[in-house]
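Residue numbers (the working numbering), protein chains in the order written: chain U, 1124 to 1292; chain C, 1124 to 1292.
Ideal Cβ placement from N, Cα and C applies to all residues, glycine included.
One structure below.
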């Protein structure tokens, strides 16, 4: 399961790099499908992943406003920061939580930790598929979605960030 | 890992249903991104999944020609048939193969079974994300990509098909 997180993070970072060739206007342009724009997609997958991980941890949701993260640099910074926290969690022996039933504030249903982890993973891969179509519409090759042949960075190599960082925005 | 296969198969079947509202011409229409058309996407994910599973099993690849499967009914039939074989394999204790190194005819690199299973799963979810954009371009809501809230059909409920069926085409 963790390998899928490592895969998603690697692919997400490559899309951040890909974004740098465009100005913010192009990245914010309304497009057909998905959540509507390239940058909002990257913000959305970052935000959704973090919300569900906090849900699993029994922590209150932190709501991020997209207007506060309206550039590639800001979304990338948010993604990096939240990822460090998530990696810390994934390093723990969370396998014992697998069947634990979770309630979150934004959904009336209850799900197991295992279901939620599957959901987070599929959610990001699905949205990245949408970016790949928009990339072709811009006449550019998309980032490869191949799982094989990638050098994945282990969750164990992400550094811990225990201090508060939200004041940075 | 198996739950992702069950998820992909459920979502794929819902896309087959979704396809029924269109004639074949619309489904074969060349579109921007991905592998180029809605029907070819569904054929491609079916074909790729089967090829890699056979690779894991040390079996020779079976090459399917898209021209032989140029309708929703035919691709769905192929998908169902191959899935029954794949489900049989997934029911076995293939976990012991996890670190086994695999060579396949279409790739010079070698991968572990575990990497290949991750690859198959991500490959399908990615392509389904592309279908969702094309669906919006057709002014139709896409099939939900949610993992949570789905009633997944267990691999154990797929029936065995040990007889040859390829003569049907």
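Burial state of residue i (16 or more Cβ within 10 Å)
| i | result |
| --- | --- |
| residue 1140 of chain U | exposed |
| residue 1219 of chain U | exposed |
| residue 1265 of chain C | buried |
| residue 1229 of chain U | exposed |
| residue 1274 of chain C | exposed |
| residue 1252 of chain C | buried |
| residue 1282 of chain C | exposed |
| residue 1221 of chain U | exposed |
| residue 1134 of chain C | buried |
| residue 1279 of chain C | exposed |
| residue 1149 of chain U | exposed |
| residue 1199 of chain U | buried |
| residue 1170 of chain C | buried |
| residue 1247 of chain C | buried |
| residue 1231 of chain C | exposed |
| residue 1153 of chain C | exposed |
8 Å Cβ cutoff, residue i in contact with chain U
| i | result |
| --- | --- |
| residue 1126 of chain C | yes |
| residue 1130 of chain C | yes |
| residue 1269 of chain C | yes |
| residue 1137 of chain C | no |
| residue 1238 of chain C | yes |
| residue 1291 of chain C | Bear in mind that a pLDDT of 42 at residue 1291 of chain C, under 50, signals an unreliable position, so the model cannot answer this. |
Closest residue to residue i among the options (Cα-Cα distance)
| i | options | result |
| --- | --- | --- |
| residue 1257 of chain C | C/1157, C/1276 and C/1282 | C/1157 |
| residue 1129 of chain U | U/1276, U/1282 and U/1280 | U/1276 |
| residue 1262 of chain U | U/1133, U/1144, U/1227 and U/1244 | U/1144 |
| residue 1136 of chain C | C/1125, C/1168, C/1193 and C/1154 | C/1168 |
| residue 1174 of chain C | C/1274, C/1127, C/1202 and C/1215 | C/1202 |
| residue 1223 of chain C | C/1249, C/1209, C/1214 and C/1239 | C/1239 |
| residue 1138 of chain U | U/1255, U/1271 and U/1178 | U/1255 |
| residue 1212 of chain U | U/1159, U/1188, U/1182 and U/1268 | U/1182 |
| residue 1179 of chain U | U/1126, U/1234 and U/1154 | U/1234 |
| residue 1186 of chain U | U/1194, U/1205, U/1215 and U/1244 | U/1205 |
| residue 1259 of chain C | U/1159, U/1124 and U/1125 | U/1159 |
| residue 1142 of chain C | C/1176, C/1172 and C/1193 | C/1193 |
| residue 1191 of chain C | C/1166, C/1214, C/1210 and C/1176 | C/1166 |
| residue 1207 of chain U | U/1132, U/1196, U/1126 and U/1124 | U/1132 |
| residue 1215 of chain U | U/1152, U/1172, U/1176 and U/1268 | U/1176 |
| residue 1147 of chain C | C/1154, C/1161 and C/1155 | C/1161 |
| residue 1164 of chain U | U/1250, U/1270, U/1271 and U/1124 | U/1250 |
| residue 1125 of chain C | C/1155, C/1243, C/1268 and C/1272 | C/1243 |
| residue 1241 of chain C | U/1227, U/1237 and U/1270 | U/1270 |
| residue 1210 of chain C | C/1172, C/1189 and C/1227 | C/1172 |
| residue 1151 of chain C | C/1268, C/1195 and C/1226 | C/1195 |
Residue i - partner residues in DSSP beta bridges
| i | result |
| --- | --- |
| residue 1233 of chain C | C/1226 |
Closer than 8 Å to chain C by CB, residue i
| i | result |
| --- | --- |
| residue 1248 of chain U | yes |
| residue 1252 of chain U | yes |
| residue 1287 of chain U | Residue placement at residue 1287 of chain U cannot be trusted, given a pLDDT of 44 that sits under 50; the coordinates are not used to answer. |
heavy atom of the ligand GDP below 7 Å from residue i C-beta
| i | result |
| --- | --- |
| residue 1157 of chain U | Judged by which ligands are present, the structure shown has none, so any question about the ligand GDP falls away. |
Chain A contact for residue i (CB, 8 Å cutoff)
| i | result |
| --- | --- |
| residue 1210 of chain C | Protein chains U and C are contained in the structure displayed, whereas chain A is not. |
**Request:** Below 7 Å between beta carbons is the criterion; list the residues of the region 1155-1178 of chain C that meet it against any residue of chain U, in chain order.
**Result:** Within the region 1155-1178 of chain C, the residues whose Cβ lies closer than 7 Å to some Cβ of chain U are 1155, 1156 and 1157, listed in chain order.
**Item:** Residues, ordered as in the chain, of the region 1255-1281 of chain U that lie near chain C by beta-carbon distance below 8 Å
**Value:** Within the region 1255-1281 of chain U, the residues whose Cβ lies closer than 8 Å to any Cβ of chain C are, in chain order, 1255, 1256, 1257, 1258, 1259, 1260, 1265, 1268, 1269, 1270, 1271 and 1272.
**Item:** Members of the region 1215-1236 of chain U near chain C, C-beta cut-off 7 Å
**Value:** Against chain C - using a Cβ distance shorter than 7 Å - the residues of the region 1215-1236 of chain U are 1232 and 1234.
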